[in-house]
Structure formats: C-alpha cells, structure tokens
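Student: In this text, residue positions in the sequence shown follow numbering that gives the first Met the number 0: the first is 0, and each later residue adds one.
Backbone N, C-alpha and C fix where the C-beta goes; we use that ideal spot for every residue, glycine too.
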Amino acid sequence: MARGLQIRQCTLEEAKSCFYEWAKAEQWNPGLEGAELQQVYYPTDSQGFFVGSIEDPDIPGKEKIISAISSVRYGLESGWVGYYLVHPKERSKGYGHAIFKHAILHMGDRPHIGLDAVIPQVHNYEKSGFTSVWENQRRVGGIDNVISKLSSLESLTDVSYSKMCDVPIDQINDLEFRYNGFIRPKFIQNWVEFHSQSEKLGRFGYAIMDHGRLVGYGCARAATTSFRVGPIFAESLDIAKALLYKLATSVKETMDASNDIPPSINPNFEVDICAANPQAVSFYESLGMSNALPTKRMWKGQPPKVDIDGIYALSTLELG
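1. Just to confirm, are L36 and V145 a CB contact at a threshold of 8 Å?
2. In terms of alpha-carbon separation, which member of S127, I65, I171, D209 lies closest to Y160?
3. Please list the terminal residues of the continuous alpha helix (DSSP H) segment that includes H105.
4. Alpha carbon to alpha carbon, how far is I171 from Y216? Give it in angstroms, no decimals.
5. Does DSSP put V270 in a helix, in a strand, or in coil?
6. What does DSSP give as the partner residues of Q278 in its beta bridges?
7. Check this for me: beta carbons of S69 and F48, under 8 Å apart or not?
8. What is the rounded straight-line gap between the Cα of I231 and the Cα of P59?
9. Between G319 and N179, which are expected to be in contact by the criterion C-beta below 8 Å, what is the C-beta distance as a whole number of angstroms?
10. Quick one, are the C-beta atoms of G201 and V250 less than 8 Å apart?
11. Thinking C-beta only, is G140 closer than 8 Å to M254?
12. Could you please give the first and the last residue of the uninterrupted beta strand (DSSP E) stretch that includes W190?
13. Which residue's Cα is closest to the Cα of R296: V117, L242, G309, F193?
14. Can you tell me whether G81 is buried or exposed, with buried defined as 16 or more other CB within 10 angstroms of its CB?
15. Could you give the first and the last residue of the continuous beta strand (DSSP E) run that contains W133?
16. Can you give me the Cβ contacts of S314 inside the same chain, cut-off strictly under 7 Å, excluding the 5 residues immediately before and after it?
17. Are the beta-carbon atoms belonging to C17 and A67 less than 8 Å from one another?
18. Kindly confirm or deny that the segment 71 to 79 and the segment 236 to 247 touch, where touching means at least three C-beta pairs closer than 8 Å.
19. Which same chain residues, not among the five before or five after A274, have their C-beta less than 7 Å away from its C-beta?
20. If you follow the beta strand (DSSP E) that F176 is part of, which residue opens it and which one closes it?
21. Below 8 Å on the Cβ atoms is my contact criterion, and I expect N258 with F226 to pass it. Report the Cβ-Cβ distance as a whole number of Å.
22. Please classify G107: is it buried, with 16 or more other beta-carbons within 10 angstroms of its beta-carbon, or exposed?
23. Going by the CB atoms, is the gap between Y19 and Y3 shorter than 8 Å?
24. If you drop the 5 nearest sequence neighbours on each side, which residues of the same chain put their C-beta closer than 6 Å to that of A22?
25. Comparing alpha-carbon positions, which option in V270, N265, F181 lies nearest V305?
26. Measure how close the beta-carbons of D271 and A206 come, nearest whole angstrom, since I'm counting them as under 8 Å.
27. Just list the residues that DSSP pairs A22 with in beta bridges.
28. Would you mind working out which of Q38, P303, C164, W298 sits nearest K126, comparing C-alpha positions?
29. Less than 8 Å separating the beta-carbons of Y94 and I65?
30. Since V166 and L114 should fall inside the 8 Å C-beta cutoff, what is the C-beta to C-beta distance between them, to a whole number of angstroms?
Structure below.
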C-alpha cells in the first residue's frame, strides 16, 4: 500500500463531501446536491464506498482524506467500480492504485466487474485485467431543440405514458437485465422511487406499456449544471424517441412553472449512449447533440450478455 495510506468504508456524510464535491470539481456533472448519491447509490451497497486517508501534515494526528472509490456489489454475480477519485495534489504517488486494488478485492470472485473509463485511464485499467467492450458517448444538446425536432413525428401520436412508479417492479427488473445485464432489485427500487418523488426537483421517470407489457422506460434528473438522461431502454427507436420527447417536455414544463430547480441549471440534456448501437448514434446526431465526453465501457471477467439494440441511454456511469 502507498506509504501511510489508510483505507476504510466511509459514512454517508463523507460520501457527499468527497464523492459528490470532488466529482463536481472534476466537472463530471453529478446529480444535484448529491441527491442520487445519498438516496440511490450509497444505500444500494453502503459497505462499498471507500476513502483513503493519510495523516494531515499540518495537524499531527488528524486524518486527511485524499482518495475515494465505490465498489458496489450486485448480488453474487456482478459489481461496478465508480467514483475513482484522488485529490489533485496527491496524484502520481500510488494512492490511486492502492485504493483501486482495494475496490477490486472488495468484489471477491464475482465473474462480472464493470466500470466506465475516461480515455486516458483505459490503458491503466487494461493492466488490471479489464477489457473494453464498447465506446460510450456523452451527447449534449438543448431541451428546446429536442422538443422542436421530435414534436412533428407521427410515431408520437397517441402514445400512452405511465409513471415508472406505476409499473410492476418485476417488469422493470426484467428490462434492466435484458439491456444492462444486472440483477439489482435494490438499486432499481431506489431508482424508481428517486425519479418519482418530486417533479419540482427536476426528476422524471416514464414508461411505455403495450397491452400490459413494459416495452421501454426512461429517466431524467437535475444535475449540477444541466439534466442527466438515463436510462432509456426501448424495444424500438420509435419508443426511445417517444420517451426522450416526454422527458424533454416534462422538464420544460417544470422549468417554466414554479419549481425547486436552481436557476443556475441550464436547459440542456446530457445523455450517455452506447456507441455500439448505430441507431442510437444516428438518432442523437439527427438531434444535433454533440459528443462531449467519450468513455469506454470495460469489464474484468466475462461481460454480461445484453441486447445492445435497445440501449438508447445508459443509466449512469457511476454505478453502471
């Protein structure tokens, strides 16, 4: 282990002060005020959030947190590594590698361990046994433009939407497994509740049913500087278009009315997509949404089998 580094599980309050604040400083555009971290991510596996600390050089005997990482386990089969952060002044000293190794050990012998990597880190993850399976692209564009581009589509006529909280949870879990490869009912339950709590806070979750069968769902949530969209899982491009349109109009209506969304948040969507789905890439290109952040989805061990054709937005880079 790097000299003097101590690694331990962190509290919820520490998760907000380190994971959220540091991610915000890195301009990762985390959820507004760390709400999703506190209400969804941390409760999913509170034992999987770690900080690394050294003795504060200015205050003998006092701990100074310098690194953080999440190692969230989904049952006995899968896990996800995220929030890999080291304080800028403490980088290139071995602290990051040490806490990353700790996160991998925490996973045990799970056969599917995933992460989303920024491009400069891909080679380092490869040295730890991870393999790239596809490229992600963060597509960014104005909500008004999305509405304008989609409002005239005939496929949007007579679409019946349901709120995610009104959909049988087992059907959401089934679609999650089909398109994401995870069995994580606790995460999904928290995710649905989070996106159903308050539209005034800029959180939305909608589904489309076909004769009682779930054929697609999508979520949007206020983040630090804009709105993050994800997931959008859908059995067809038309269903994906309908979901994005519904999310866009819902956000616009809320921002135009009385709400609890800070005025500093821009009316833009940020959508992390799977570039291995050519229909998704073409769709966001047609909306004029630029690729602001390429990343790589990587797996250690066998990647889970997923239906890439139905992935129109990833859930979250932080927890997969």
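Tutor: According to the data block:
1. no
2. D209
3. 94 to 105
4. 8 Å
5. strand
6. DSSP output for Q278 lists no bridge partner at all.
7. yes
8. 50 Å
9. 7 Å
10. yes
11. no
12. Taken as a continuous stretch (DSSP letters only), W190 belongs to no beta strand (DSSP E), being part of the alpha helix (DSSP H) at 184 to 193.
13. V117
14. buried
15. 129 to 141
16. N179, G229, P230
17. yes
18. no
19. W133, E134, N135, Q136, V280
20. Premise fails: F176 lies in the alpha helix (DSSP H), 168 to 179, not in any beta strand (DSSP E).
21. Not a contact, Cβ separation roughly 12 Å.
22. exposed
23. Note on residue identity: the sequence assigns Gly, not Tyr, to residue 3. Cβ distance not < 8 Å, so G3 and Y19 don't count as in contact.
24. P29
25. F181
26. Going by Cβ atoms, the distance from D271 to A206 rounds to 20 Å, so no, they are not a contact pair.
27. A22 pairs with nothing; no bridge assigned.
28. W298
29. yes
30. With 8 Å as the limit, V166 and L114 do not qualify as a contact, their Cβ atoms being about 29 Å apart.
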